[in-house]
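This report refers to the structure that appears directly beneath it.
4 protein chains.
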Amino acid sequence: MITAEPKNRRDRRRAARQEQILEAAAVVFSQNGYERATMKEIAQQADVSEGTLYNYFDNKIDLLNGVARAFADEVTRKIANIEANNLRDMMAQLLTDRFRSGRERRLFMLFLYEARLHPEIQQYYSQQALQRIIDETEKRFRGLIDAGVMRAIDPGVAARTISAAIMGFAALYELGRYGGGDNGFSPQKWGAQVTDIFLNGLAAEMVQ
Amino acid sequence: MITAEPKNRRDRRRAARQEQILEAAAVVFSQNGYERATMKEIAQQADVSEGTLYNYFDNKIDLLNGVARAFADEVTRKIANIEANNLRDMMAQLLTDRFRSGRERRLFMLFLYEARLHPEIQQYYSQQALQRIIDETEKRFRGLIDAGVMRAIDPGVAARTISAAIMGFAALYELGRYGGGDNGFSPQKWGAQVTDIFLNGLAAEMVQ
Amino acid sequence: MITAEPKNRRDRRRAARQEQILEAAAVVFSQNGYERATMKEIAQQADVSEGTLYNYFDNKIDLLNGVARAFADEVTRKIANIEANNLRDMMAQLLTDRFRSGRERRLFMLFLYEARLHPEIQQYYSQQALQRIIDETEKRFRGLIDAGVMRAIDPGVAARTISAAIMGFAALYELGRYGGGDNGFSPQKWGAQVTDIFLNGLAAEMVQ
Amino acid sequence: MITAEPKNRRDRRRAARQEQILEAAAVVFSQNGYERATMKEIAQQADVSEGTLYNYFDNKIDLLNGVARAFADEVTRKIANIEANNLRDMMAQLLTDRFRSGRERRLFMLFLYEARLHPEIQQYYSQQALQRIIDETEKRFRGLIDAGVMRAIDPGVAARTISAAIMGFAALYELGRYGGGDNGFSPQKWGAQVTDIFLNGLAAEMVQ
DNA sequence: AATGAATGAGACTTCATTCAT
DNA sequence: TATGAATGAAGTCTCATTCAT
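Set out below in structure tokens:
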């Protein structure tokens, strides 16, 4: 018999229900932020009663933690699965993948913001989730440097710079019209141009 | 036109009191975030009573709006005052100025995050404050392009890319240890390296 | 007569399970009090599921009633079994037996306190349980009066006075250090002295 | 000017309001016990809103603590004010004073019971309140021993024995009909008889 | 008969806002 | 104009009880 994880029917139901709650929480948290999200609304979104939430998570912050965990797993996996041998493709995928899903954009912002305010999230998110995302990016950069298609920049610095820009863009994007002005700053346009900036830099010629 | 602002003693006193409250609100909001900041705490920080807050601002969100307005004024002014004729100095000042003050870092995050959740802030912040900051940056870039020290990249895209990265770094910085890892990622080190990335790009050689 | 109670195997099993639940409930109620005791904790202590509790008892208050019933049976039986022909031995056993078991002390307090708040307990406990305990004590006192070793005091009044003191001491004892002060008020010391007070009174000489 | 405590009008109002809330809390706690008393009911009894309770007390347990404090003050004062030079009067007043007020009877039970369950109350009540009550009683007994109207029994033991009996009687009394049976056990009758027991003891003759 | 997940009423508590002083 | 006590709506969380499996 091969069925791995969910041993019996009850365990499968529990896992499914937990997933269903996490899904609902991700939706509500990403829409309203942590503080303005209410357990009542999450319960309604998950189509369960409020009490049921507490059968699966200790409290509201634990629920946010669960969402953070699932989110970090997903993003790390996505980055690890990027298939790109040249720098341009890698950059393009790093930059654009983060923007396909509005929920992912908003969760990125959510955790960055809330982590500072909630010690429990801070500990997990900054030391586990974000660390893994950055590490994965760094690893990919290291591969490209070894392949000779990327300058020998500290891959940790590069990974953080790209990650920071992605986060910032996520925020600008969510604010609508990229921080004001609808001057043709379309996804298609900036995708190419931002990649160009990161690849070739801003300087007219190489500056030391 | 002569500075007609503080007409008489009463008006001067009102302006001073309003400034004092905004200052306190900026401190408390930047520390605790909007939702977790309480009017009582702001009042204590400003050394006035809770009721007095309502003599100067309609409600809590109006107070956040006031802080946003003052913040945007200050940042715009700082950017306009940057004295730099070459790209490296410009980049260095853009990147490092935003990190001198912990309060400025946190307020940056605060408005980015809260603007999406509060229509009133959204309207003002994304259309006025952020717009002005980006416009000012764009204008400076345009000058550098005209001076021939910067590639002829769309200055709007460049301004938004830099701004996004700054915001992202602000968040990473606040999370402590730059998102995990104490691998010598010191302010001195990343200041130079990040500038290098933005000036010269990541690619081993110019990529089209 | 052969113990005719447990007719068949199923009944024996039911009785054993009921006993097991009552035992667990007595432990949890005596530790936490009625309101703070949870059905979940009682179930865990009894090593059954929450649902099973409701197969043996209608609800929480019915469970408390069951504990009260068993408790009254046990105490009444103990008093009836005291073997003492003189007043001093009787007093010593009445006073000290109630303190051997911490659980018995706490259950004494529990029922006294909760009975007033819960009509169902009130009815049973004050009219059945306590009544039987006091009646049994009264009966024993009557025997001692008849034997001429005890003054011809109303045995009902005497029984209630002794019972009241026992309850009060149970409470003081549970509070730790007998209401404060560790001035040598050891079980050995007060056992003898309290008996002396009840036997010989406080007055310097017989007062009318 | 002699007016001591309440300096100005606002302070007087605050003190009065706090008193009013404590009064209401004492009523509701004594009627329903701690757990079953609700903040809503206390607020209604005090004729204020629920929120106002929290302007004067940190939380529910702090409110119970406040009631305990006031109660201990009152009982200690009453005992100190007993005017009695002979043992019979002293006993009569100790025994009967505690029973005049149903609220005092019930509060006695309340604190004895809850103190064990709530560490905060435990600390204050058993170490401060009860200690003071017992100490005051002990002091009075010492005076009677010195006056030669009381046997040279350890006054600490005597004070605890009397206190224990009083508490136990308070409980029996509250249970209605003194633990069942309406056999002429009237307040008048038991007052005299219990005093007799404590004065002269149960034994037919002095027992060693 | 046993299980334990689901339910939802109701508890405590917070806090923006009002208003009498 | 300044104060801060009062308000009460709304939030998080608990837990006795039910019921499908």
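Chains A, B, C and D supply the protein sequences, listed in that same order.
Taken in order, the first sequence gives residues 1 to 208; the numbers are from the working numbering.
Taken in order, the second sequence gives residues 1001 to 1208; the numbers are from the working numbering.
Taken in order, the third sequence gives residues 2001 to 2208; the numbers are from the working numbering.
Taken in order, the fourth sequence gives residues 3001 to 3208; the numbers are from the working numbering.
We put the CB at the ideal spot given by N, CA and C, even for glycine.
- Burial state of A/T38 is exposed, judged by a 10 Å Cβ sphere holding fewer than 16 other Cβ atoms.
- Those residues of the segment 2157-2169 of chain C placed with their C-beta closer than 8 Å to a C-beta in chain D are V2157, A2158, R2160, T2161, S2163, A2164, A2165, I2166, M2167, G2168, F2169, ordered along the chain.
- Closest in alpha carbon position to D/A3072, among D/Y3056, D/N3086, D/R3105, D/L3087, is D/R3105.
- Between A/R160 and A/I133, the CB-CB gap reaches or exceeds 8 Å.
- Its Cα nearest to that of A/I121, the residue A/Y34 stands out among A/Y34, A/E19, A/I21, A/R14.
- The beta carbon of D/A3046 lies closer than 6 Å to those of Q3020, I3021, A3024 in the same chain, with the five residues before and after it left out.
- A residue is called buried when at least 16 other Cβ atoms come within 10 angstroms of its Cβ; A/A165 meets this threshold and is buried.
- At a cut-off of 8 Å between beta carbons, D/R3116 contacts chain C.
- Excluding residues up to 5 positions away in sequence, I3145 lie with their Cβ nearer than 8 Å to the Cβ of D/A3152 in the same chain.
- The bridge partners DSSP lists for C/A2203 are D/M3150.
- Around the beta-carbon of B/P1155, 16 or more other beta-carbon atoms lie within 10 Å, marking it buried.
- Of the other Cβ atoms in all chains shown, fewer than 16 fall within 10 Å of the Cβ of A/S49; this residue is therefore exposed.
- Three or more beta-carbon pairs drawn from the segment 3094-3109 of chain D and the segment 3166-3174 of chain D are found closer than 8 Å, and the two stretches are therefore classed as touching.
- Taking C/A2080 as the centre and dropping the five residues before and after it, the same chain places the C-beta of E2136 closer than 7 Å to its C-beta, in chain order.
- Taking a C-beta distance under 8 Å as the contact criterion, A/A204 and B/G1148 qualify as a contact pair.
- The Cβ-Cβ distance between D/R3116 and C/L2175 falls below 8 Å.
- For D/R3017, the enclosing alpha helix (DSSP H) stretches over residues 3009-3036.
- For the pair C/Q2193 and D/V3194, the CB atoms are not nearer than the 8 Å cut-off.
- DSSP, reduced to helix, strand and coil, places C/V2075 within a helical segment of the structure shown.
- Rounded to the nearest whole angstrom, the C-alpha separation of D/L3064 and B/A1070 is 47 Å.
- Secondary structure note for A/L175: it is in no alpha helix (DSSP H), with a DSSP letter that is neither H nor E.
- Rounded to whole angstroms, the gap between the alpha carbons of D/A3015 and D/T3052 is 13 Å.
- D/T3076 and A/N55 have their C-alpha atoms spaced approximately 49 Å apart.
- In this chain, the alpha helix (DSSP H) harbouring C/Q2123 covers 2119-2124.
- Among the residues facing chain B, A/V28 is not included, as its CB has no counterpart in that chain under 8 Å away.
- Pairing A/F198 with B/G1201 gives a Cβ-Cβ distance under 8 Å.
- For C/R2151, a Cβ of chain D is located within less than 8 Å of the residue's own Cβ.
- Annotation: the continuous alpha helix (DSSP H) that includes B/I1042 extends over 1039-1046.
- With respect to the 8 Å criterion, D/S3163 and D/L3107 are not classified as neighbours on the basis of their beta carbons.
- Cβ contact annotation for C/H2118 (same chain, cutoff 7 Å, sequence separation greater than five): I2061, in chain order.
- Taking the Cα of A/I42 as reference, the smallest distance to any Cα among A/N32, A/R36, A/V28 is reached at A/V28.
- Residue state for C/D2135 is assigned as helix, using DSSP reduced to three classes.
- Non-local C-beta neighbours of A/E114 in its own chain, meaning closer than 6 Å and more than five positions away in sequence, comprise Y34, I121, ordered along the chain.
- Nearest Cα to B/L1110 within the set B/D1011, B/F1057, B/N1059, B/V1067: B/V1067.
- Proximity of A/L130 to chain B, defined by a Cβ-Cβ separation below 8 Å, is satisfied.
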